[in-house]
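Encoded as structure tokens, the structure appears first; notes follow it.
There are 2 protein chains.
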Amino acid sequence: MRKVTIRDVAKEAGVSISTVSNALNDVDTINAQTKERVLEAVEKLNYIPNLNGRFLKSGESRTLGFFTNTMSGPYFNVLVEAMCREADTNGYNIIIFVLKDVPAIMSNIMGRNLDGVLIFEDMGFNEAEMNTLKGSGIPAVFLDREIADEKISSIVFDSYKGGYDATRYLINLGHKKIGFLAGSPTMYDSRERFRGYRAALAEYGIEYDERHTITGYFSEEYTYNSVKSAARHPEFVLPDAMLAGNDQSAIGCIKALTSEGYSIPKDMSIIGFDDLDVSQYFTPALTTVRNPMARQGLMAVDMLLDLIKGEQGMVRKLDGQLIVRNSCEIVK
Amino acid sequence: MRKVTIRDVAKEAGVSISTVSNALNDVDTINAQTKERVLEAVEKLNYIPNLNGRFLKSGESRTLGFFTNTMSGPYFNVLVEAMCREADTNGYNIIIFVLKDVPAIMSNIMGRNLDGVLIFEDMGFNEAEMNTLKGSGIPAVFLDREIADEKISSIVFDSYKGGYDATRYLINLGHKKIGFLAGSPTMYDSRERFRGYRAALAEYGIEYDERHTITGYFSEEYTYNSVKSAARHPEFVLPDAMLAGNDQSAIGCIKALTSEGYSIPKDMSIIGFDDLDVSQYFTPALTTVRNPMARQGLMAVDMLLDLIKGEQGMVRKLDGQLIVRNSCEIVK
DNA sequence: ATAAAACCTTAAAACGTTTTACCTTATTTT
DNA sequence: AAAATAAGGTAAAACGTTTTAAGGTTTTAT
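For the protein sequence lines, the chains are X and F, in the order given.
With the working numbering applied, the first sequence covers 1 to 332.
With the working numbering applied, the second sequence covers 1 to 332.
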């Protein structure tokens with residue numbers, strides 16, 4: 001019942017604890033028979049090394065930490081699954097921390113002898129925390145902000161380009177009055193997609209009309225309500241098309257408009273972001289800019305491993321992919 | 001750049017390391033001013049305690065481990081999110097391990113001084129591993145199999161009852177020839193749902209016809225192919241209704257049948273399991289038995305905390321909820 | 001004035017490993 | 001036969017904490 005330690009194994013095998021350690025860690029100076037004997041003792045006693053002791057001493061853990069404050073968002077699985085596979089391929093494990101407050105995050109990043117960390121939704125490290133992270137020398141890859149440092153990389157979806165491309169697609173379909181479904185202004189993705197949208201409008205000489213920007217905080221329900229109340233406004237003008245900051249808001253918008261008697265895409269085209277599982281099943285099937293999560297996960301791990309190997313931090317941007325389905329119509 | 005330890009803090013504050021430890025752990029005998037001084041030093045040096053050292057000594061971690069071999073399955077988020085919230089409420093953290101092989105799982109369970117573990121998809125512990133787990137005295141809750149022991153509980157979705165209820169629903173709609181879309185025979189849920197299905201058939205005196213059981217391994221694609229090839233068989237008879245072991249196989253089946261020219265639910269009713277996000281958006285919207293994942297997660301954590309408090313292990317079963325949508329029709 | 005109690009602080013041991021440097025013994029080389 | 005090398009083991013230190021038991025002051029009670 002008491003926990004079996006390396007000492008018990010040593011006694012059982014009639015050797016010193018150093019020898020047990022050597023046997024387990026494949027140190028080459030060990031005699032084959034001795035090793036055998038140790039392994040038998042390990043087997044017999046069901047010995048499993050204590051990782052805290054091990055990490056404490058060796059300083060390494062061959063473990064990567066993935067930090068996020070929420071697991072919602074349906075692309076999450078895909079991201080993590082890809083990460084785990086890539087880490088595994090390289091002989092690392094990933095452990096996932098779902099933590100809400102930054103102090104807890106810091107304490108786990110710094111206190112666990114992780115070889116490196118992946119940070120998905122940081123909820124805003126402040127300057128001081130960022131500095132302790134930098135100062136710690138722990139390799140880190142951020143997935144939600146652009147940043148680079150000696151030991152810090154980041155890999156972000158190129159939301160600016162995505163917003164730009166999607167808007168241009170709508171313009172090329174012949175649309176003029178193009179609205180935007182915004183998330184919170186604090187969200188990097190929302191801001192960048194909006195920037196891209198504005199840039200495309202500007203490039204084609206289309207004037208931006210702020211009455212066509214509706215804030216739905218990237219939530220289906222919130223967007224539904226916002227759009228619904230906008231649509232009921234006496235001076236409401238339906239845009240030709242709408243660029244939604246994400247698929248959820250696109251869906252909320254379509255539902256709201258449908259319930260107000262409009263028909264999508266006949267009365268208005270709409271394009272989303274992310275390509276959720278749901279989007280292909282939705283009616284109308286959603287045209288959207290796919291966020292290549294699996295690729296992002298894989299590359300994030302690779303970048304982290306590079307940092308661990310001693311390479312310099314860098315920023316990398318990933319292009320989205322326009323998935324054309326049935327939610328947009330060409331203007332006749 | 002070097003890692004700052006408790007020793008550095010002690011020196012900075014001009015006290016012993018014991019005092020630093022006491023200050024940080026709110027030991028009540030400490031003088032208020034001393035504590036203040038220590039805390040200042042901590043702040044100044046950006047000291048964050050090493051958790052490996054801490055756990056090694058104290059044996060406790062106020063951390064729960066959640067073990068799974070895959071994050072797929074769209075209910076995963078919901079489950080984990082609920083768990084994290086419940087753990088947090090009780091002052092615990094959860095860390096998630098996505099591991100494929102049992103030895104790695106064992107090594108993390110036993111080696112990390114976790115206060116307790118949640119096991120989602122065990123991939124089959126063998127007898128010996130189960131015994132080391134039991135012997136370790138580490139409290140564990142299984143979410144995918146029925147088991148109870150001194151320090152082991154389990155909480156499972158009542159798949160038997162779900163299968164029984166769903167089948168009875170189909171029978172009450174007037175269906176007679178009712179088929180089953182099976183997963184792998186090694187899957188607890190598939191087996192239990194099948195048992196429930198058989199029980200309902202038996203109760204209503206309907207003979208089981210094995211030609212109407214198709215194995216699709218709970219995967220949309222596999223099921224699609226299986227159903228498609230079944231449908232093309234010269235002696236194929238379309239059942240009145242089908243009980244799918246999960247929503248994914250239901251969707252695969254519907255797609256296959258639709259592509260073969262059948263119309264669902266007109267030609268055949270079908271009912272799924274799980275209530276995926278997708279299921280409500282699918283056409284036809286899927287009637288399904290909802291697996292109350294959030295509730296399961298919450299209760300699993302509660303049961304684990306009870307074990308940690310010293311209570312005896314137990315098995316608990318959770319009822320599914322029949323969500324009626326448009327994939328079943330009453331027989332005229 | 002002395003004894004007892006209360007209050008803080010700390011040295012040292014412990015947690016379970018890995019690693020370093022050293023020690024045997026056996027083998028090879030000279 | 002002596003010296004050098006190799007092979008295999010090990011004692012002890014170290015990793016960064018917490019905790020125990022034992023201080024040393026100061027205050028309170030006798």
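Glycine is no exception: its CB is placed at the ideal position from the N, C-alpha and C atoms.
Using beta carbons (cut-off 7 Å, strictly below), is residue i in contact with chain X?
i                : result
GLU260 (chain F) : no
GLU60 (chain F)  : no
SER107 (chain F) : yes
ARG112 (chain F) : yes
THR68 (chain F)  : no
PHE218 (chain F) : no
GLU12 (chain F)  : no
TYR224 (chain F) : no
ILE90 (chain F)  : Checking the sequence shown, residue 90 (chain F) turns out to be Asn, not Ile. Closer than 7 Å: no.
Should residue i be flagged as near chain F, meaning a C-beta pair shorter than 7 Å?
i                : result
CYS84 (chain X)  : yes
LEU51 (chain X)  : yes
SER72 (chain X)  : yes
GLU43 (chain X)  : no
ARG98 (chain X)  : One detail in the question is off: residue 98 (chain X) reads as Val in this sequence, not Arg. Yes - at least one Cβ of chain F is within 7 Å of the one on VAL98 (chain X).
ASP274 (chain X) : no
PHE55 (chain X)  : yes
ASP277 (chain X) : yes
GLU40 (chain X)  : no
TYR281 (chain X) : yes
THR213 (chain X) : no
VAL80 (chain X)  : yes
THR132 (chain X) : yes
ASN126 (chain X) : no
ILE308 (chain X) : no
ILE6 (chain X)   : no
With H, G and I counted as helix, E and B as strand and the rest as coil, what does DSSP make of residue i?
i                : result
PHE194 (chain F) : helix
ILE330 (chain X) : coil
LEU170 (chain X) : helix
GLN280 (chain F) : helix
LEU143 (chain X) : coil
ASP274 (chain F) : strand
ASP8 (chain F)   : helix
ILE17 (chain X)  : helix
THR29 (chain X)  : coil
VAL324 (chain X) : coil
LEU318 (chain X) : strand
ARG290 (chain F) : strand
ASP115 (chain F) : coil
ILE138 (chain X) : coil
SER269 (chain F) : strand
SER263 (chain F) : coil
ASP149 (chain F) : strand
If you count every other CB in all the chains shown that lies within 10 Å of the CB of residue i, and 16 or more means buried, which is it?
i                : result
ASN93 (chain F)  : buried
PHE120 (chain X) : buried
ARG333 (chain X) : Residue numbering for chain X in the displayed model covers 1 to 332; residue 333 (chain X) lies beyond these limits and cannot be assessed.
TYR75 (chain F)  : buried
VAL27 (chain F)  : exposed
GLN312 (chain X) : exposed
ASN291 (chain F) : buried
GLN33 (chain F)  : exposed
HIS233 (chain X) : exposed
THR167 (chain X) : buried
ARG54 (chain X)  : buried
Taking 6 Å as the line, does the beta carbon of residue i fall inside it for any heavy atom of the ligand FMN?
i                : result
GLY179 (chain X) : Ligands are entirely absent from the displayed structure, and the ligand FMN is therefore not among its contents.
How about the stretch 304 to 319 of chain X and the stretch 171 to 190 of chain X: do they share at least three Cβ pairs that are nearer than 8 Å?
no
Does the stretch 213 to 229 of chain X come close enough to the stretch 248 to 259 of chain X to have 3 or more Cβ pairs within less than 8 Å?
yes
Is the stretch 109 to 126 of chain F touching the stretch 58 to 73 of chain F in the sense that three or more CB pairs, one from each, lie closer than 8 Å?
yes
With contact counted as at least three CB pairs below 8 Å, one residue from each stretch, are the stretch 270 to 287 of chain X and the stretch 324 to 331 of chain X in contact?
Short answer: they touch.
Would you list, in sequence order, the uninterrupted alpha helix (DSSP H) runs of no fewer than 4 residues that lie entirely inside the stretch 169 to 249 of chain F?
The qualifying runs are 188 to 203, 220 to 232.
Restricting to runs no shorter than 4 residues, where is the alpha helix (DSSP H) found entirely within the stretch 32 to 60 of chain X?
The qualifying runs are 32 to 45, 51 to 58.
Any chance the stretch 292 to 301 of chain X sits against the stretch 295 to 304 of chain F, with 3 or more Cβ pairs inside 8 Å?
no
Contiguous alpha helix (DSSP H) assignments of at least 4 residues, all confined to the stretch 59 to 112 of chain F
Taken in chain order, the unbroken stretches of alpha helix (DSSP H) that lie wholly in the stretch 59 to 112 of chain F and span 4 residues or more are 76 to 89, 102 to 111.
Cβ pair count under 8 Å reaching 3, the stretch 97 to 111 of chain F against the stretch 32 to 40 of chain X
no
Contact between the stretch 136 to 146 of chain X and the stretch 80 to 88 of chain X is defined here as three or more beta-carbon pairs at a separation below 8 Å; is this criterion met?
no
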